[in-house]
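Peer 1: Protein chains in written order, with full-length UniProt numbering: chain A, 1 to 144; chain B, 1 to 144. Note that CB positions come from ideal geometry on N, CA and C, so glycine has one too. The structure's right below; bear with me while I get my questions together.
Protein chains: 2
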Amino acid sequence: MSRTTLDTAALAHDLRLAVMRFSRRLRNQRVDTSVTLTHLAALSTLRQHGPMSPGELAAQERVQPPSMTRVVVALEGMGLVTRTPHPTDGRQVVIDLTPAAQGLLDEEARAREAWLSGRLQDLAPEERAVLREAAEIMEKLAGG
Amino acid sequence: MSRTTLDTAALAHDLRLAVMRFSRRLRNQRVDTSVTLTHLAALSTLRQHGPMSPGELAAQERVQPPSMTRVVVALEGMGLVTRTPHPTDGRQVVIDLTPAAQGLLDEEARAREAWLSGRLQDLAPEERAVLREAAEIMEKLAGG
DNA sequence: TATTGTTATACTCTATAACTATA
DNA sequence: TATAGTTATAGAGTATAACAATA
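In structure tokens:
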């Protein structure tokens, strides 16, 4: 086995542990328990990319359609998204944010990410640059 | 709000989404369903740091003690760890890997991380270097 | 009284399989 | 038949609260 292959295996191992621990920390950091991190991620994606079908949303978030159905049902119950029939395709549904969700996202951007933002502020600028690049690479890895 | 603060907030947002999607992808990548990713992470930590108490293991993995109890009970049932009384403190228990676990970890290092290793091999060397640094930074963020 | 670990309980997150409705 | 979405069901993962044993 080549040196590069060995290094890559070690990186895979360390990266996996780091991502698991970091994501646990992020989940547990929640203060407002009404909207979960999964819900918030779906809302963020809707704001970023605009209205879309449940299937598209599931693909964006890398979950299966039934999982997204549950999220959407919960969000609709909280008045954070609307479900409207697709104009031409009767099978499809269009999910969109309500004004309440917009306000919630603005609030979350300040409150909920406060912990992470605070931690990031304590890092060196070069470290933030590394994470900025790493976020893009991880999205790429999650995607393909 | 300063430019740096705005950038940090945006980084917090993007990093959170990237880590969530990436960790979902990692969890779903499992082929061998007998040992879960959570179990594997605990075993990896034991191999890396040696025998320790359930409480220490929970702290390492950033979970609460009852959560680790469940993991340890499952692993013991599979013959992958042993629970022995602490020599001097009757309250404590020492968790250690069995030879079966050592073999499993060796196998997993090849098989289970195959997907991630393969994806990492496809990256540019500079991208791997970024992830190597990012893994350390995320561990630091998860820790404090 | 403080610490370690466990039990009891419940909730979140996610999946697969089966079903319905529309194309 | 194929696609989009949902319902039904189940399992993994994790938490908080209460308890037991030991220091």
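Can you find at least 3 beta carbon pairs, one from the region 35-45 of chain B and one from the region 67-84 of chain A, that sit closer than 8 Å?
Peer 2: With the cut-off at 8 Å, the region 35-45 of chain B and the region 67-84 of chain A do not touch.
Peer 1: Run through chain A and tell me which residues come within less than 9 Å of residue 102 of chain B, C-beta to C-beta.
Peer 2: Result: empty, since nearest Cβ-Cβ is about 15 Å, beyond 9 Å.
Peer 1: Give me the Cα-Cα distance between residue 13 of chain A and residue 109 of chain B, rounded to the nearest whole angstrom.
Peer 2: Their Cα atoms are separated by approximately 8 Å.
Peer 1: Whose C-alpha, out of B:138, B:123, B:129, B:116, is nearest the C-alpha of residue 123 of chain A?
Peer 2: Among B:138, B:123, B:129, B:116, the Cα nearest to that of residue 123 of chain A belongs to B:138.
Peer 1: Look at residue 16 of chain B and residue 63 of chain A and say whether their C-beta atoms are less than 8 Å apart.
Peer 2: Not in contact: residue 16 of chain B and residue 63 of chain A (Cβ atoms no closer than 8 Å).
Peer 1: Restricting to runs no shorter than 4 residues, where is the alpha helix (DSSP H) found entirely within the UniProt domain "HTH marR-type" (8-140) of chain A?
Peer 2: 37-49, 54-61, 65-77, 99-110, 114-121, all fully within the UniProt domain "HTH marR-type" (8-140) of chain A.
Peer 1: Could you check the C-alpha separation between residue 5 of chain B and residue 128 of chain A for me, to the nearest Å?
Peer 2: Going from the Cα of residue 5 of chain B to the Cα of residue 128 of chain A covers about 12 Å.
Peer 1: If we define contact as Cβ-Cβ less than 8 Å, is residue 121 of chain A a contact residue for chain B?
Peer 2: Output row for residue 121 of chain A: interface = yes.
Peer 1: Less than 8 Å between CB atoms is the rule here; does residue 68 of chain B satisfy it with respect to chain A?
Peer 2: No, no contact with chain A.
Peer 1: Whether or not the region 45-60 of chain A and the region 49-61 of chain B are in contact is what I'm after, with contact meaning three or more pairs of Cβ atoms, one per stretch, closer than 8 Å; do they touch?
Peer 2: With the cut-off at 8 Å, the region 49-61 of chain B and the region 45-60 of chain A do not touch.
Peer 1: I want to see whether chain A comes within less than 8 Å of residue 137 of chain B, judged by CB atoms only; does it?
Peer 2: Output row for residue 137 of chain B: interface = yes.
Peer 1: Would you say residue 86 of chain A and residue 73 of chain A are within 8 Å of each other, going by their C-beta atoms?
Peer 2: Going by C-beta atoms, residue 86 of chain A is not nearer than 8 Å to residue 73 of chain A.
Peer 1: Can the beta-carbon of residue 134 of chain A be found less than 8 Å from the beta-carbon of residue 101 of chain B?
Peer 2: No, the pair does not count as a contact, with Cβ atoms beyond the cut-off.
Peer 1: Could you work out which residues of chain A lie near residue 36 of chain B, taking near to mean beta carbons separated by less than 8 Å?
Peer 2: Neighbours of residue 36 of chain B on chain A: none; closest Cβ ~11 Å, over 8 Å.
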